[in-house]
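J.: What the sequence shown shows, in mature numbering (1 follows the signal peptide of the UniProt record, and there is no 0), is residues -26 to -1, 1 to 409, in sequence order.
Before I ask anything, here is the structure I am working with.
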Amino acid sequence: MKQKDFLGRRAIGVTALGAALMLVLAGCSAGGTGQAASEPFTGEYAGPKVELSYWNGFTGGDGPFMETMVSEFNAEHDNIKVVSNTMQWTDFYQRLPAAVTAGEGPDVGVMHLDQLASNAARNVIVPIDDLAKDLGLTADDFTEDVWNAGVYKDARYGIPLDVHSLAMYYNTEHFAAAGITEAPTDAASFQDALGKLKAAGYDTPFWMPTRWPSHLMNLSVMWQNDGEPYGDDGATFDSAAGVEALEWQRSVVDDGYSPSDVAIDSQYVAFKNGETSITWDGIWQINDLAESGLPHAVAPIPTIGETDAVWANSHNFFLPRQAKADQNKVDASKVFIAWMSEQSAEWAGSGMIPARQSVRDAGALDGLPQAVIAETIDSMRFLPPIPGIGGVQAETLEIAVADGVQGTTPPSESLKKAADTATKLMEDNKASFGG
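Quick look at the structure:
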């Protein structure tokens, strides 16, 4: 998956979400979810032939892997035909609420974990606790954090397909020239590596971006400092843990390891071109870097703070609300979700980490670069299931981190101002979403 495929999620602001919410509320004013009472799920579908519309945003390098899985499913199920409707994530999240309200939504879909609560609150998607129960899926086959993050107001809305986190990529030729034999794992070894790389002639070995994925780096180090970005009463990313994280990011620039104003994507392009030695980016870049021919390796991000932690997200299957639910399609959609979850080893080829422990234990990651990242899966952290949190973060934390990294505003000041705004937006969202 290209980095830009993830950028689309950040472009959805509070205003757009509010507009979509009003459309959905208008469509729901007659009461009820429109979802038919579900029959006991047997794991199989023996009804008449159905065609399912499957919405997703896998437009990058992950797309072919998903299409292979869909084709394999169709080949194994004579009475179910799944038709993918693939679009940019930006379009996906903007179109879905209105399409569901108009009765033109998909039969089944997949979305990011941090979007589930918003769409659940809007009544765009419906609870699927029965599916999880009938499949025997529990936290025992997932990490507790990713499993619990799919719950909103005591109801489950998503079945995790994968987890994907930030990782550290490093140029192995640069490391060899600098005499670095192992990937750094903590603040001291990371600082030592930067010093050795600079001494070896790599003047700016670690470019610190001002925007994406800088706020994800900030969240990671904040969690490593035992902080939390959001709480029940509002934003808390201006805590000492958050400030310390942003001060560390700025220190990379002040110490001369990074240019002072790294534009979006520039750090990744520079790394890919061999201009810089280390970059932190998502594991969705694994296949792109492999195809580039750059001599590199991947490792978990170092623990700059005291606790192992890293930002992560997850793709989750969901069922949308239907104005007039077709029970045959509902049952067939459940079969599709169940099959995709069980066969998610195929998805590992996209660079992702299958969410199910049983799939990983069966060897899904054997020989794959992200296997080393999967070893740290228990340290992966996810945003809390708060409706509208994505839009809030895009308008506040991302801007504050950019200001702090650029040095235009002291970290404590930029984070305090942004946290105050975020708390107000979260309060507004409670009223809008009925939270």
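The C-beta atom is built at its ideal place from N, Cα and C for all residues, glycine as well.
Touch check for the stretch 258 to 277 and the stretch 206 to 225: three-plus C-beta pairs under 8 Å?
T.: No, they do not touch.
J.: Determine the extent of the beta strand (DSSP E) in which Trp285 is found, giving its start and end residues.
T.: Counting along the chain, the beta strand (DSSP E) containing Trp285 begins and ends at Val284 to Asn287.
J.: Hey, how far is the Cα of Trp197 from the Cα of Trp285?
T.: Going by the C-alpha atoms only, they are around 8 Å apart.
J.: Measuring only the C-alpha atoms, how far is Asp160 from Pro276?
T.: Cα to Cα, the separation comes out at about 5 Å.
J.: Please name the residue, chosen from Thr117, Met400 and Ile257, that lies closest to Gly362 on a Cα-to-Cα basis.
T.: Taking only the C-alpha atoms, the option nearest Gly362 is Met400.
J.: If I follow the unbroken alpha helix (DSSP H) through Glu46, where does it start and stop?
T.: Taken as a continuous stretch (DSSP letters only), the alpha helix (DSSP H) holding Glu46 covers Gly37 to Glu50.
J.: Apart from the five residues just before and just after Val359, which ones in its own chain have a Cβ nearer than 7 Å to its Cβ?
T.: For clarity, residue 359 is Pro in the given sequence; the question names Val instead. Contacts found: Leu90, Ala91, Ala123, Val125 and Tyr126.
J.: Got a sec, what are the start and stop residues for the beta strand (DSSP E) residue 476 sits in?
T.: A question about residue 476 goes unanswered here, because the residues of the chain that appear run from -26 up to 409.
J.: What do you get for Asn145, buried or exposed, if any count of 16 or more other CB atoms within 10 angstroms of its CB means buried?
T.: It counts as buried.
J.: Would Asp36 pass as a contact of Met314 if the rule is Cβ separation under 9 Å?
T.: For Asp36 and Met314, no; Cβs fall outside 9 Å.
J.: Among Phe245, Phe164, Trp181 and Leu193, which has the Cα closest to the Cα of Asp228?
T.: With distances taken between Cα atoms, Asp228 lies closest to Trp181.
J.: Using the three-state DSSP reduction, which class does Gln9 fall into: helix, strand or coil?
T.: Caution is warranted here: a pLDDT of 46 is assigned to Gln9, below 50, making its placement in the model unreliable, and the coordinate value is therefore given only provisionally. In the structure shown, Gln9 sits in coil (DSSP, three-state: anything other than H, G, I, E or B).
J.: Go to Ser251, then tell me how far its beta strand (DSSP E) extends in each direction, as first and last residue.
T.: Ser251 -> no beta strand (DSSP E), and no H or E assigned at all.
J.: Touching or not, the stretch 174 to 194 and the stretch 261 to 269, by the rule of three or more beta carbon pairs under 8 Å?
T.: Flag = no, the stretch 174 to 194 and the stretch 261 to 269 do not touch.
J.: For Ser58, which residues does DSSP report across the bridge?
T.: In DSSP, Ser58 forms a bridge with Tyr28.
J.: In terms of residue numbering, what span does the alpha helix (DSSP H) encompassing Ser213 cover?
T.: It is not in any alpha helix (DSSP H) - Ser213 carries neither H nor E in the DSSP assignment.
J.: For a quick check, are the C-beta atoms of Thr33 and Thr60 less than 9 Å apart?
T.: Their beta carbons are under 9 Å apart, which means Thr33 touches Thr60 by this criterion.
J.: Return yes when at least one heavy atom of the ligand SAM lies under 8 Å from the C-beta of Val272, else no.
T.: For the structure depicted, the ligand SAM is absent and the ligand set is empty, with no information on it obtainable.
J.: Quick check on this structure: which residue in Lys246, Ala72 and Val195 has the alpha carbon closest to the alpha carbon of Ile281?
T.: Sequence check: residue 281 is Thr here, not Ile. Comparing Cα positions, the closest option is Val195.
J.: DSSP on Ala4, reduced to helix/strand/coil?
T.: Because Ala4 carries a pLDDT of 33, less than 50, the predicted location of this residue cannot be relied on, and the following value inherits that uncertainty. Reduced to three states, the DSSP call for Ala4 is coil.
J.: Can you tell me where the beta strand (DSSP E) with Asn122 in it begins and where it stops?
T.: Segment Glu118 to Asn122 is the alpha helix (DSSP H) holding Asn122; no beta strand (DSSP E) there.
J.: Quick test of your reading: Thr250 and Thr155, contact by CB under 8 Å. State the CB separation rounded to the nearest angstrom.
T.: The pair is not a contact, with the Cβ atoms about 20 Å apart (cut-off 8 Å).
J.: I'd like to know whether the C-beta atoms of Val304 and Asp81 end up nearer to each other than 9 Å.
T.: Yes, the Cβ-Cβ distance between Val304 and Asp81 is below 9 Å.
J.: Going by DSSP in three states, Ala237 sits in which element: helix, strand or coil?
T.: DSSP places Ala237 in coil when its eight states are reduced to three.
J.: Would you mind giving the Cβ-Cβ distance between Ala338 and Ala322, rounded to the nearest angstrom? I have them listed as a contact below 8 Å.
T.: The pair is a contact, with the Cβ atoms about 5 Å apart (cut-off 8 Å).
J.: Identify every residue that forms a DSSP beta bridge with Ile360.
T.: Its beta-bridge partners do not exist; DSSP assigns none.
J.: Do Phe116 and Arg295 have their CB atoms nearer than 9 Å?
T.: No, the pair does not count as a contact, with Cβ atoms beyond the cut-off.
J.: Which of the three DSSP states is assigned to Ile278 in this structure?
T.: Three-state result, Ile278: coil.
J.: Which whole runs of the beta strand (DSSP E) in the stretch 129 to 176 are 3 residues long or more, in chain order?
T.: Taking only runs of at least 3 residues, the beta strand (DSSP E) segments lying wholly in the stretch 129 to 176 are 136 to 145.
J.: Pair every Cβ in the stretch 367 to 387 with every Cβ in the stretch 224 to 242, then say whether three or more of these pairs are closer than 8 Å.
T.: As far as the Cβ criterion goes, the stretch 367 to 387 touches the stretch 224 to 242, which means the pair count is three or higher.
J.: Skipping 5 residues on each side, what residues in its chain have a beta carbon closer than 6 Å to that of Ala174?
T.: Counting only Cβ-Cβ distances below 6 Å, and skipping sequence neighbours, we find Ala151 and Ala152.
J.: Determine the DSSP secondary structure at Gly365, reduced to helix, strand or coil.
T.: In this structure, Gly365 counts as helix in the three-state DSSP scheme.
J.: Check the DSSP bridge columns for Phe292 and list the partner residues they point to.
T.: BP columns for Phe292 point to Gly83.
J.: Rounded to whole angstroms, what is the Cα-Cα separation between Asn261 and His189?
T.: About 23 Å.
J.: At what residues does the alpha helix (DSSP H) containing Val333 begin and finish?
T.: From DSSP, the alpha helix (DSSP H) with Val333 extends over Gln331 to Asp335.
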